[in-house]
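Student:
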Amino acid sequence: MSRPTRPKQNSAGSRRSGTSNAGPRKAKPRSAPLRYQNFELEALKGLEAVAEAELREVPSVRGGGLLQSGGVRFQFAPDPLATGGDWDRLSRLRGAVAIYRLETWDIPRPKALLGHEVLGEVLDYLRSVIRQGGHKSFRLSAAGKDSETFTRLTEEIEAQLGLPHHAEEGELLLRIRPSETEEGWEILARITPRPLSARSWRECNMSGGLNATIAYAMHKLSGVRERDRIFNPMCGSGTLLIERSLMGPLDALVGVDISPEAVACSQTNIRAAKRQIEVAQIDALATGLPDRSFDLIVSDLPWGDAVGSHGGNSELYPLFLQEMDRLTARSGRLCILTHELKLFECVLAGQSRWQAKELFQVYSGGHYPKCYLLSK
Numbered sequence: 011m012s013r014p015t016r017p018k019q020n021s022a023g024s025r026r027s028g029t030s031n032a033g034p035r036k037a038k039p040r041s042a043p044l045r046y047q048n049f050e051l052e053a054l055k056g057l058e059a060v061a062e063a064e065l066r067e068v069p070s071v072r073g074g075g076l077l078q079s080g081g082v083r084f085q086f087a088p089d090p091l092a093t094g095g096d097w098d099r100l101s102r103l104r105g106a107v108a109i110y111r112l113e114t115w116d117i118p119r120p121k122a123l124l125g126h127e128v129l130g131e132v133l134d135y136l137r138s139v140i141r142q143g144g145h146k147s148f149r150l151s152a153a154g155k156d157s158e159t160f161t162r163l164t165e166e167i168e169a170q171l172g173l174p175h176h177a178e179e180g181e182l183l184l185r186i187r188p189s190e191t192e193e194g195w196e197i198l199a200r201i202t203p204r205p206l207s208a209r210s211w212r213e214c215n216m217s218g219g220l221n222a223t224i225a226y227a228m229h230k231l232s233g234v235r236e237r238d239r240i241f242n243p244m245c246g247s248g249t250l251l252i253e254r255s256l257m258g259p260l261d262a263l264v265g266v267d268i269s270p271e272a273v274a275c276s277q278t279n280i281r282a283a284k285r286q287i288e289v290a291q292i293d294a295l296a297t298g299l300p301d302r303s304f305d306l307i308v309s310d311l312p313w314g315d316a317v318g319s320h321g322g323n324s325e326l327y328p329l330f331l332q333e334m335d336r337l338t339a340r341s342g343r344l345c346i347l348t349h350e351l352k353l354f355e356c357v358l359a360g361q362s363r364w365q366a367k368e369l370f371q372v373y374s375g376g377h378y379p380k381c382y383l384l385s386k
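As structure tokens, then:
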């Protein structure tokens with residue numbers, strides 16, 4: 011049985027010591043070779059480009075490219091000096107749903123994973139992931155996961171690693187599938203116990219709450235500027251506020267919601283995130299704030315599904331655009347996410363204050379909302 015395919019390792023280079031009239035110089039210590047490992051990034055459908063752009067900012071990332079399945083395959087050389095572990099930098103990505111460590115075995119079918127040599131390699135691979143992520147349980151995601159082969163594999167992992175199997179909530183998510191890039195089968199192991207999109211600061215949830223990776227994308231594509239004064243009307247659980255606060259300094263950040271439950275929820279999450287953000291219980295259409303108060307307004311408008319109604323939105327949307335025009339600076343921007351596509355585009359066509367461009371359309375919770383950036 012052949013051994014698993016491993017990423018090629020760079021060889022360490024060394025610089026010869028020279029001499030000068032002052033005498034011989036000390037040889038510089040040789041740097042350890044970078045040990046690249048294979049990974050795959052999972053993104054929300056429609057936000058792959060945003061997630062990949064953030065990944066490109068990470069040192070020691072190479073390769074990459076979008077797969078047919080929608081994942082982004084890349085190689086990464088862990089930093090042995092990272093305080094949070096070798097993969098700490100990858101676990102701090104904000105535009106990705108999850109990051110998986112990846113290994114491929116040149117085998118014809120999953121049953122070969124149970125062979126003595128290959129099984130030993132699989133278990134060693136999983137130990138390395140658990141050592142980094144601290145997972146306390148595991149689960150499988152594979153076609154035919156209830157088959158005899160995968161049942162036996164599950165039993166072996168439980169017995170050999172002492173890791174309990176939780177079919178629905180297991181922390182170490184293992185995806186087993188035919189390789190997309192070469193012959194054989196691959197195992198993808200999520201490097202964190204929870205998805206990256208499940209933010210640690212989210213202590214309070216609300217129906218229709220915004221996915222944090224979408225909030226990240228909205229801010230990233232709207233432009234992150236230190237001098238921005240930002241307003242988040244209908245702030246809900248505070249996702250857009252917190253995500254922007256975590257992206258860097260800015261002039262001002264304010265959120266309002268007419269619901270006292272929403273304000274309390276957002277304040278709970280803001281405290282958990284250890285941020286200082288002003289949130290008030292105020293009607294977004296009657297804030298009493300001065301004209302031109304903000305440079306950027308971001309809002310996840312009611313879709314008429316979990317929040318609001320279709321009839322109510324037909325009245326809300328025109329009034330909202332009118333009031334946000336008053337509150338934004340002359341060169342201000344307005345970033346909107348909505349699933350009321352026909353209504354919103356009809357409202358846009360019936361006014362002349364805003365010029366709109368579509369930033370992205372994303373799959374979220376069974377819907378395909380669009381994000382628009384409006385400028386004057």
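Its first residue numbered 11, the sequence shown is counted upward by one per residue in this note's numbering.
All C-beta atoms, glycine included, are put in the ideal place defined by N, C-alpha and C.
1. Using only the alpha-carbon positions, how far apart do residue 116 and residue 227 sit?
2. Helix, strand or coil, according to DSSP, for residue 383 in the structure here?
3. Check this for me: beta carbons of residue 420 and residue 59, under 9 Å apart or not?
4. Could you work out which residue in 345, 344, 350, 309 is closest to residue 325 when comparing CA atoms only?
5. Using only the alpha-carbon positions, how far apart do residue 196 and residue 369 sit?
6. Around the C-beta of residue 377, are 16 or more other C-beta atoms found within 10 angstroms, so that it is buried, or is it exposed?
7. Hey, is the region 153 to 167 in contact with the region 74 to 81, meaning 3+ C-beta pairs nearer than 8 Å?
8. For residue 64, which option in 360, 246, 229 has the closest C-alpha, if you only look at C-alpha atoms?
9. Any idea which residues DSSP pairs residue 263 with across the strands?
10. Within the continuous beta strand (DSSP E) that includes residue 367, where are the two ends?
11. Decide if residue 261 is buried, meaning its Cβ has at least 16 other Cβ atoms within 10 Å, or exposed.
12. For residue 255, which of helix, strand or coil comes out of DSSP?
13. Judging by CA-CA distance, which residue of 143, 55, 374, 125 is the nearest neighbour of residue 96?
14. Have a look at the DSSP bridge pairing and note the partners of residue 355.
15. Assuming residue 251 and residue 265 form a contact by the criterion Cβ under 8 Å, report the distance between their Cβ atoms to the nearest whole angstrom.
16. Does DSSP put residue 332 in a helix, a strand or coil?
17. Please work out which residues of its chain come closer than 7 Å, Cβ to Cβ, to residue 282, disregarding the five sequence neighbours upstream and downstream, and give them in chain order.
18. Would you tell me roughly how many angstroms separate the C-alpha atoms of residue 168 and residue 88, rounded to the nearest one?
19. With contact counted as at least three CB pairs below 8 Å, one residue from each stretch, are the region 269 to 279 and the region 323 to 339 in contact?
20. Under the assumption that residue 306 contacts residue 343 (Cβ atoms under 8 Å), give the Cβ distance between them as a whole number of angstroms.
21. Give every residue of the same chain whose Cβ lies closer than 7 Å to the Cβ of residue 309, excluding the five residues on either side of it in the sequence, and list them in chain order.
22. Reducing DSSP to helix, strand and coil, say where residue 347 ends up.
23. Determine whether the beta carbon atoms of residue 111 and residue 70 lie at a separation below 9 Å.
24. Classify residue 69 as helix, strand or coil using the three-state DSSP reduction.
25. For residue 99, I'd like the list of residues in its chain whose CB is within less than 6 Å of its CB, leaving aside the five on either flank, ordered along the chain.
26. Is the beta carbon of residue 254 sitting closer than 9 Å to the one on residue 234?
27. Among residues of its own chain, excluding the 5 on either side of residue 386, which ones have a beta-carbon nearer than 6 Å to its beta-carbon?
28. Can you say whether residue 373 is buried or exposed, counting buried as having 16 or more other CB atoms within 10 angstroms of its CB?
29. Can you tell me where the beta strand (DSSP E) with residue 305 in it begins and where it stops?
30. Measure the alpha-carbon distance for residue 46 versus residue 352 and round it to whole angstroms.
31. Restricting to Cα atoms, I'd like to know which of 145, 219, 140, 113 is closest to residue 179.
32. Does the distance from the CB of residue 130 to the CB of residue 61 come in under 9 Å?
33. Quick one: Cα of residue 120 to Cα of residue 222, how far?
34. Whole angstroms is fine: what's the gap from residue 276's alpha carbon to residue 189's?
35. Please state the DSSP three-state secondary structure of residue 169.
36. Residues in the same chain with beta-carbon distance under 6 Å from residue 39, minus the five sequence neighbours each way, listed in chain order, please.
Tutor: With the given structure in hand:
1. Going from the Cα of residue 116 to the Cα of residue 227 covers about 37 Å.
2. Note: residue 383 maps to strand in three-state DSSP.
3. Because the chain here runs from 11 to 386, residue 420 falls outside it and cannot be looked at.
4. Among 345, 344, 350, 309, the Cα nearest to that of residue 325 is on 350.
5. Rounded to whole angstroms, residue 196 to residue 369 spans 34 Å at the Cα level.
6. That one is exposed.
7. Not touching, per the Cβ criterion.
8. The option with the nearest alpha carbon to residue 64 is 229.
9. Note: residue 263 sits in a beta bridge opposite 240.
10. Unbroken beta strand (DSSP E) run through residue 367: 365 to 371.
11. Classification for residue 261: exposed.
12. Reduced to three states, the DSSP call for residue 255 is helix.
13. With respect to the C-alpha of residue 96, the residue from 143, 55, 374, 125 having the closest C-alpha is 143.
14. Its beta-bridge partners do not exist; DSSP assigns none.
15. Confirmed, Cβ separation roughly 5 Å.
16. Helix, per DSSP.
17. Cβ-Cβ distances below 7 Å link residue 282 to 211, 213 in the same chain, with the five nearest sequence neighbours on each side left out; the list follows chain order.
18. Cα to Cα, residue 168 sits roughly 28 Å from residue 88.
19. They do not touch, by the three-pair rule.
20. The Cβ separation is near 5 Å, so the contact holds.
21. Contacts found: 242, 243, 244, 346.
22. Three-state result, residue 347: strand.
23. Cβ distance not < 9 Å, so residue 111 and residue 70 don't count as in contact.
24. For residue 69, the three-state secondary structure derived from DSSP is coil.
25. Correct list, in chain order: 68.
26. In this structure, residue 234 lies closer than 9 Å to residue 254 by Cβ.
27. In its chain, beyond the 5 residues on either side, no residue has a beta carbon closer than 6 Å to the beta carbon of residue 386.
28. Per the 10 Å Cβ criterion, exposed.
29. Unbroken beta strand (DSSP E) run through residue 305: 304 to 310.
30. If you draw a straight line from the Cα of residue 46 to the Cα of residue 352, it is about 47 Å long.
31. It is 145 whose Cα lies nearest to the Cα of residue 179.
32. No Cβ-Cβ contact shorter than 9 Å links residue 130 with residue 61.
33. Looking at the two C-alpha atoms, the distance is approximately 35 Å.
34. One Cα belongs to residue 276, the other to residue 189, and the distance between them is close to 42 Å.
35. The answer is helix: DSSP assigns residue 169 an H, G or I state.
36. Residue placement at residue 39 is poorly supported in this model, since its pLDDT is 49, which falls under 50; the coordinates still yield a value, given next. Once the five neighbours on either side are set aside, residue 39 has no close Cβ partner at all.
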